[in-house]
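**Q** Chains as they are written, first to last, in our numbering: chain A, 3 to 110; chain B, 3 to 110. A virtual CB, placed ideally from N, CA and C, is assigned to each residue, including glycine.
There are 2 protein chains.
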Amino acid sequence: MSRNLDTVFAALADPTRRAILAMLLEDDMAVTDVAEPFEMSLTAISKHLGILAAAGLIAQEKRGRVKWCKLEPDALKEASVWMQGFGQFEPINLDAFEAFLAQELPAD
Amino acid sequence: MSRNLDTVFAALADPTRRAILAMLLEDDMAVTDVAEPFEMSLTAISKHLGILAAAGLIAQEKRGRVKWCKLEPDALKEASVWMQGFGQFEPINLDAFEAFLAQELPAD
DNA sequence: TCGATATTCAACCGATTGGTTGACGATCAG
DNA sequence: CTGATCGTCAACCAATCGGTTGAATATCGA
Numbered sequence: 003m004s005r006n007l008d009t010v011f012a013a014l015a016d017p018t019r020r021a022i023l024a025m026l027l028e029d030d031m032a033v034t035d036v037a038e039p040f041e042m043s044l045t046a047i048s049k050h051l052g053i054l055a056a057a058g059l060i061a062q063e064k065r066g067r068v069k070w071c072k073l074e075p076d077a078l079k080e081a082s083v084w085m086q087g088f089g090q091f092e093p094i095n096l097d098a099f100e101a102f103l104a105q106e107l108p109a110d
Numbered sequence: 003m004s005r006n007l008d009t010v011f012a013a014l015a016d017p018t019r020r021a022i023l024a025m026l027l028e029d030d031m032a033v034t035d036v037a038e039p040f041e042m043s044l045t046a047i048s049k050h051l052g053i054l055a056a057a058g059l060i061a062q063e064k065r066g067r068v069k070w071c072k073l074e075p076d077a078l079k080e081a082s083v084w085m086q087g088f089g090q091f092e093p094i095n096l097d098a099f100e101a102f103l104a105q106e107l108p109a110d
């Protein structure tokens, strides 16, 4: 369980992976479509998706030759609970979150 | 700023560093005292503290020959806001947090 | 059946990580 | 001054990470 915190935080530590999560927040996507905005090989994105899946942050379901990726937000809950203990954070600020999303989306 | 999320999440990905944060939650400590419960060299702990400080998660102040470490919970706020966007998490569950702390504290 | 598309596998690469040891510079106590 | 304590520095090590390329597998469309 605390081993899982390792993998969740490590997965979140990479900006490409956070950008992928932000993309999946809007819609489920196939691997190829996830890879499209990045200047990086499909193999690299496939590995990133594998890391996110291993951390439980996304689920991957293969239908035909297409593997669909969808967000699995429950894995973040554990990490979020852990973090909340370190301060009385203000109530969720969705504007700030939107600003982060805008920053995080890969430059085109 | 998004560079900072990299370092914050990377810092949190290591169980030793999370245990250190949990210890500092209870009290400010000197480097040697932080290192005491771990089966690891003082140098290694000093490096971990440097990583936590670089991520802004702790502050270090040298008084005499003793370097005091204290929690700097503001750095977590940014990461926490980012995470909150990925789900409607339940209100802060302090019992669950206490359980995590118990798990995370280094075995004696 | 054949060719295109979707995805992974295997091997490799340089950079980073988490740890060690030994020597070193400060600072405090007597 | 001397010796012990606090902490970092420098060099090294094996393992992991983030990326590449080329080949392989599987499925779809015509």
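Roughly how many angstroms separate the alpha carbons of residue 61 of chain B and residue 15 of chain B, rounded to a whole number?
**A** 19 Å
**Q** Residue 8 of chain A CB to nearest chain B CB: under 8 Å?
**A** yes
**Q** For residue 62 of chain B, which beta-bridge partners are listed by DSSP?
**A** B/71, per the DSSP bridge assignment.
**Q** Suppose the cutoff is 7 Å on Cβ atoms and the five residues either side in sequence are ignored; what does the same chain contact list for residue 27 of chain A look like?
**A** 73
**Q** Could you compute how far the alpha carbon of residue 64 of chain B sits from the alpha carbon of residue 54 of chain B?
**A** Near 16 Å, if we compare the C-alpha coordinates of residue 54 of chain B and residue 64 of chain B.
**Q** Counting C-beta neighbours from all protein chains within 10 Å, is the total for residue 51 of chain B 16 or more, i.e. buried, or is it exposed?
**A** buried
**Q** Check whether the segment 33 to 45 of chain B and the segment 76 to 90 of chain B are in contact - that is, three or more C-beta pairs closer than 8 Å.
**A** Counting Cβ pairs under 8 Å, fewer than three are found: no touch.
**Q** Would residue 39 of chain B count as contacting chain A if we go by Cβ distances under 8 Å?
**A** no
**Q** Tell me whether the beta-carbon of residue 68 of chain A lies closer than 8 Å to the beta-carbon of residue 32 of chain A.
**A** yes
**Q** Going by DSSP, name the residue or residues bridged to residue 12 of chain A.
**A** Answer by DSSP bridge pairing: none, since residue 12 of chain A is not bridged.
**Q** Using a Cβ-Cβ distance cut-off of 8 Å, determine whether residue 51 of chain B contacts chain A.
**A** no
**Q** Work out the CA separation of residue 18 of chain A and residue 29 of chain A for me, nearest whole Å.
**A** So the two alpha carbons sit approximately 17 Å from each other.
**Q** Could you give the residue range of the alpha helix (DSSP H) that holds residue 21 of chain B?
**A** Here the alpha helix (DSSP H) through residue 21 of chain B covers 17 to 28.
**Q** Compute the Euclidean distance between the alpha carbons of residue 8 of chain A and residue 39 of chain A, then round it to the nearest angstrom.
**A** Across the structure, residue 8 of chain A and residue 39 of chain A are spaced so that their CA atoms are roughly 28 Å apart.
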